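Asker:
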DNA sequence: CTGAAAGCGCTAACAC
DNA sequence: GTGTTAGCGCTTTCAG
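Residue numbers (our numbering), protein chains in the order written: chain A, 2 to 330; chain B, 2 to 330.
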């Protein structure tokens, strides 16, 4: 195993050692194109011996494939880039990118300038784009040329396959549980109004609650804890008979928990509280937060792989969300 | 502003429109090398008009500068890559990388194979490396060739500048606060034993506590909440007179909070609890967690910039940690 | 199946 | 100051 790991081994070096042309070496190493078994093995062992690592920049230049995938996040302010949810998406993407010799860059997609996404497409060093929480205008601004190398975590479109948690089913599960526990006055704290993928959850909530003959009560949210705390006060003032709150996003649910405590409302005695996402802290709160899972890393990896491997994927891939019962509901 | 944004505008196109050679255009656009004011303005406006975006892959190939920065995280298992702290580092790095037209990839540095970092250096498409939580063997395995394009979030070495939170001062601040509040039996839950940068906090704790004539009581931790919960039981069994616990890492502190509650210990009545990091949940727990800040995003950005701009930086850059008082201590 | 040769888009000497 | 000329390391026709 005494490898002569010279600094900067090139395909040329491998080819020379294997007594083949660099073209053949390229075919073998990239797996594309014909090559005799003999050549194959000689190249492979030469590459191994020299500790060859292909130069991604050169490959990207030759194949026009780009050297990175851009994660573009829709949001009202650039502050969204510091969201812990976004961080998880980026990290998961960076992990699958590493395996393919490429990188990840992070960009903000302002709500008021949806065609920023087109600008990303002009950058030839960007091989693919994963849009997070896109709005419809963003999706519409996606240029034809991005087809096959763009995916969405959020809603999708004809040209943009979507990878997302099945928040409809997740919500239905949570509401069903609440109903089964005898709750009848269930208020929902929604996501931001501009965020289309969050509407699926609202629809599911509405359907489940109406089917049970209970009233639909909605309060706007924004995924923050601060908003949850304020929402709790709003809800109890407006609908004192509320016996359950379902918040889209655990941070908001945790905020609701805090807000209710401030009001002296007992959870789950007086009011049950449930969230969405099952973040790390959900199990640490007091009472423990009943919620439903959101496999963010798996979703991000799915989206990233579809973009990087240019796999023609189904237009819609839903990841299941599983109910996690704790003490709050 | 009616830009003719053709798909794939090259430097050649810009040069042609500006009536200069591509070399001149390159000098102007990259800011390196001489250029007359006249040429400068013609090139600039041509680039603007065409909506020119430089091709990072081509540039990287020509300058041998790489197309991405690798974030390499030391840890016992590949699971560290899913740590929320790591995610924040990666996202912050991806943000500064985006501004420079490069990407970020994420890698695991196994404790038992410290020379994995040398393997990264062999990849010519990796322009720089940010090591997170390195051990000394990792630092020693950094090849000479990486000088100036590697930085550490954690301990550093002669060749690897360090960017880190001043956890010594942060710890001193927390302990001083605990002492000022009259606590005398202060136990510390440490970080993993293999993690050198966490030792600074232990040293600071030891010094502060000894100076006050209080006993040094250490329990090993691993930054997880589960460990914090277990540690709480251990501590109260071993040292029933404990009146304060300082945990390195808020997640662990939150675990301690839970563990103490299980034991029926009142916080902060019987025992005060303080953490480190000021993560989002610190303000959401009950009681609110007293802790000290850790500006992870700023630290990561500092490290990333030093690597990307190849700035000869000071060997040690400490970021201040500020005490955040809540209810737990 | 294999090799020669022509780029991919940019930068860096080196003359002028 | 500016243009000409070579590459950077890889892939990809196109002959053979």
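The beta-carbon is built from N, C-alpha and C at its ideal position, and this holds for glycine as well.
What you are looking at is a predicted structure, and each value in this text was computed from that prediction instead of being measured.
So, helix, strand or coil for residue 68 (chain B), using DSSP?
Answerer: Position 67 of the second chain holds residue 68 (chain B). Correct three-state label for residue 68 (chain B): coil.
Asker: Would you call the segment 112–126 of chain B and the segment 273–292 of chain B touching, i.e. three or more CB-CB distances under 8 Å?
Answerer: As far as the Cβ criterion goes, the segment 112–126 of chain B does not touch the segment 273–292 of chain B, which means the pair count is below three.
Asker: Show which residues of chain B have a CB atom less than 9 Å away from the CB atom of residue 83 (chain A).
Answerer: Position 82 of the first chain, counted from the first residue, corresponds to residue 83 (chain A). The answer, in chain order, is 89, 92, 93, 96 and 298.
Asker: Count the other C-beta atoms from every protein chain shown that fall within 10 angstroms of the C-beta of residue 58 (chain B), then say buried if there are 16 or more, exposed otherwise.
Answerer: For the purposes of this step, residue 58 (chain B) is identified with residue 57 of the second chain, where counting begins at 1. Buried.
Asker: Which residues does DSSP list as the beta-bridge partners of residue 189 (chain B)?
Answerer: Along the second chain, one-based indexing puts residue 189 (chain B) at 188. Residue 189 (chain B) pairs with B:219 and B:247.
Asker: Relative to the alpha-carbon of residue 68 (chain B), which residue among B:41, B:192 and B:106 has its alpha-carbon at the smallest distance?
Answerer: Within the second chain, numbered from 1, the residue matching residue 68 (chain B) stands at position 67. When each option's Cα is compared against that of residue 68 (chain B), the closest is B:106.
Asker: If distances are taken between C-alpha atoms only, which option among A:142, A:201 and A:147 comes closest to residue 171 (chain A)?
Answerer: Counted from its first residue, the first chain places residue 171 (chain A) at position 170. Nearest C-alpha to residue 171 (chain A): A:201.
Asker: Exposed or buried, which one is residue 326 (chain A) when buried takes at least 16 other CB atoms within 10 Å?
Answerer: Indexing the first chain from 1 puts residue 326 (chain A) at position 325. Label assigned to residue 326 (chain A): exposed.
Asker: Which residues, in order along the segment 100–127 of chain B, keep a beta-carbon less than 7 Å from a beta-carbon of chain A?
Answerer: Answer set for the segment 100–127 of chain B: 102, 103, 104, 105, 106, 107, 108, 123, 124, 125 and 126.
Asker: Who are the Cβ neighbours of residue 41 (chain B) in its own chain at under 8 Å, not counting the five residues just before and after it?
Answerer: Mapped onto the second chain, residue 41 (chain B) falls at position 40. Result list for residue 41 (chain B): 29, in chain order.
Asker: Taking Cβ positions only, does residue 295 (chain A) come closer than 8 Å to chain B?
Answerer: For the purposes of this step, residue 295 (chain A) is taken as the residue at position 294 of the first chain. Chain B, which has no Cβ nearer than 8 Å to the Cβ of residue 295 (chain A), makes this no.
Asker: How long is the line joining the alpha carbons of residue 314 (chain B) and residue 108 (chain B), rounded to whole angstroms?
Answerer: On the second chain, residue 314 (chain B) is found 313 positions in, with the first residue counted as 1. On the second chain, residue 108 (chain B) is found 107 positions in, with the first residue counted as 1. Residue 314 (chain B) and residue 108 (chain B): Cα-Cα distance of roughly 24 Å.
Asker: For residue 27 (chain A), decide whether its Cβ has a neighbour in chain B, counting only Cβ atoms nearer than 8 Å.
Answerer: Locating residue 27 (chain A) in the first chain gives position 26, counting from the first residue. No, its Cβ sits nowhere closer than 8 Å to a Cβ of chain B.
Asker: Can you list the alpha helix (DSSP H) stretches of 4 or more residues lying completely in the segment 89–176 of chain A, in chain order?
Answerer: The segment 89–176 of chain A contains these whole alpha helix (DSSP H) runs: 117–123 and 137–141.
Asker: Residue 30 (chain B) touches chain A at which residues, Cβ-Cβ below 8 Å?
Answerer: Here residue 30 (chain B) corresponds to residue number 29 of the second chain, with the count starting at 1. Per Cβ cutoff of 8 Å: no residues; residue 30 (chain B) is ~14 Å from chain A at best.
Asker: Tell me whether residue 13 (chain B) is buried or exposed, calling it buried when 16 or more other Cβ atoms sit within 10 Å of its Cβ.
Answerer: For this step, residue 13 (chain B) is matched to residue 12 along the second chain. By the neighbour-count rule (16 or more Cβ atoms within 10 Å), residue 13 (chain B) is not buried but exposed.
Asker: Given that a residue counts as buried once 16 or more other Cβ atoms are within 10 Å of its Cβ, and exposed if not, what is residue 64 (chain B)?
Answerer: Against the second chain, residue 64 (chain B) aligns to sequence position 63. By the neighbour-count rule (16 or more Cβ atoms within 10 Å), residue 64 (chain B) is not buried but exposed.
Asker: Thinking C-alpha only, which one of A:273, A:260 and A:118 is nearest residue 146 (chain A)?
Answerer: Position 145 of the first chain holds residue 146 (chain A). Nearest of A:273, A:260 and A:118 to residue 146 (chain A), Cα basis: A:118.
Asker: By the DSSP assignment, the beta strand (DSSP E) with residue 320 (chain A) in it spans what residues?
Answerer: Here the question's residue 320 (chain A) lines up with position 319 in the first chain. Its beta strand (DSSP E) spans residues 317–320.
Asker: Go ahead and label residue 212 (chain A) buried or exposed: buried means 16 or more other beta carbons lie within 10 angstroms of its beta carbon, across all protein chains shown.
Answerer: Start at 1 with the first residue of the first chain, and residue 212 (chain A) comes out as number 211. That one is exposed.
Asker: Using a beta-carbon distance below 8 Å, is residue 261 (chain A) in contact with chain B?
Answerer: Along the first chain, read from residue 1 onward, the residue named residue 261 (chain A) stands at position 260. Closer than 8 Å: no.
Asker: Tell me the residue span of the alpha helix (DSSP H) that contains residue 275 (chain B).
Answerer: The residue given as residue 275 (chain B) occupies position 274 in the second chain. Residue 275 (chain B) -> not in any alpha helix (DSSP H); beta strand (DSSP E) instead, spanning 273–275.
Asker: On a CA-only basis, which of B:50, B:79 and B:281 is nearest residue 250 (chain B)? Give me that one, please.
Answerer: For this step, residue 250 (chain B) is matched to residue 249 along the second chain. The residue with the shortest Cα to Cα distance from residue 250 (chain B) is B:281.
Asker: Please identify, using Cβ separations under 9 Å, the residues of the segment 219–252 of chain A that lie next to chain B, in order along the chain.
Answerer: Under the 9 Å Cβ criterion, the segment 219–252 of chain A contributes 226 and 252.
Asker: Quick check: what's the CA-CA separation for residue 79 (chain B) versus residue 116 (chain B)?
Answerer: As a working mapping, residue 79 (chain B) is identified with position 78 in the second chain. As a working mapping, residue 116 (chain B) is identified with position 115 in the second chain. Roughly 16 Å between the two C-alpha positions.
Asker: What residues from the segment 68–81 of chain B come within 8 Å of chain A, judged by C-beta to C-beta, listed N to C?
Answerer: Within the segment 68–81 of chain B, the qualifying residues are 68, 69, 70, 71 and 72.
Asker: If you draw a straight line from the alpha carbon of residue 142 (chain A) to that of residue 61 (chain A), how long is it in whole angstroms?
Answerer: Here residue 142 (chain A) is taken as the residue at index 141 of the first chain, counted from 1. Here residue 61 (chain A) is taken as the residue at index 60 of the first chain, counted from 1. Cα to Cα, the separation comes out at about 25 Å.
Asker: Would you call the segment 92–100 of chain B in contact with the segment 150–157 of chain B, where contact means no fewer than 3 C-beta pairs closer than 8 Å?
Answerer: No: fewer than three Cβ pairs fall under 8 Å.
Asker: Would you say residue 268 (chain B) faces chain A, with C-beta separation under 8 Å as the test?
Answerer: In the second chain, counting from the first residue as 1, residue 268 (chain B) sits at position 267. So no, residue 268 (chain B) is outside the interface.
Asker: Does residue 254 (chain A) come within less than 8 Å of chain B when only Cβ atoms are used?
Answerer: Locating residue 254 (chain A) in the first chain gives position 253, counting from the first residue. Chain B, which has no Cβ nearer than 8 Å to the Cβ of residue 254 (chain A), makes this no.
Asker: Looking only at C-alpha atoms, which of A:121, A:150, A:271 and A:161 sits nearest to residue 140 (chain A)?
Answerer: Locating residue 140 (chain A) in the first chain gives position 139, where the first residue counts as 1. With distances taken between Cα atoms, residue 140 (chain A) lies closest to A:161.
Asker: Should residue 222 (chain B) go down as buried or exposed, given a rule of 16 or more other Cβ atoms within 10 Å for buried?
Answerer: For the purposes of this step, residue 222 (chain B) is identified with residue 221 of the second chain, where counting begins at 1. The residue is buried, with at least 16 neighbouring Cβ atoms inside 10 Å.
Asker: Looking only at DSSP bridge pairs, what is residue 292 (chain B) linked to?
Answerer: Looking up residue 292 (chain B) in the second chain gives position 291. BP columns for residue 292 (chain B) point to B:325.
Asker: What does DSSP give as the partner residue(s) for residue 278 (chain A) in the beta ladder?
Answerer: Working through the first chain from its first residue, we reach residue 278 (chain A) at position 277. Per DSSP, A:294.
Asker: On the premise that residue 184 (chain B) lies in contact with residue 244 (chain B), defined as a C-beta separation below 8 Å, what is that separation, rounded to the nearest angstrom?
Answerer: Counting from one through the second chain, the residue named residue 244 (chain B) turns up at place 243. Counting from one through the second chain, the residue named residue 184 (chain B) turns up at place 183. With 8 Å as the limit, residue 244 (chain B) and residue 184 (chain B) qualify as a contact, their Cβ atoms being about 5 Å apart.
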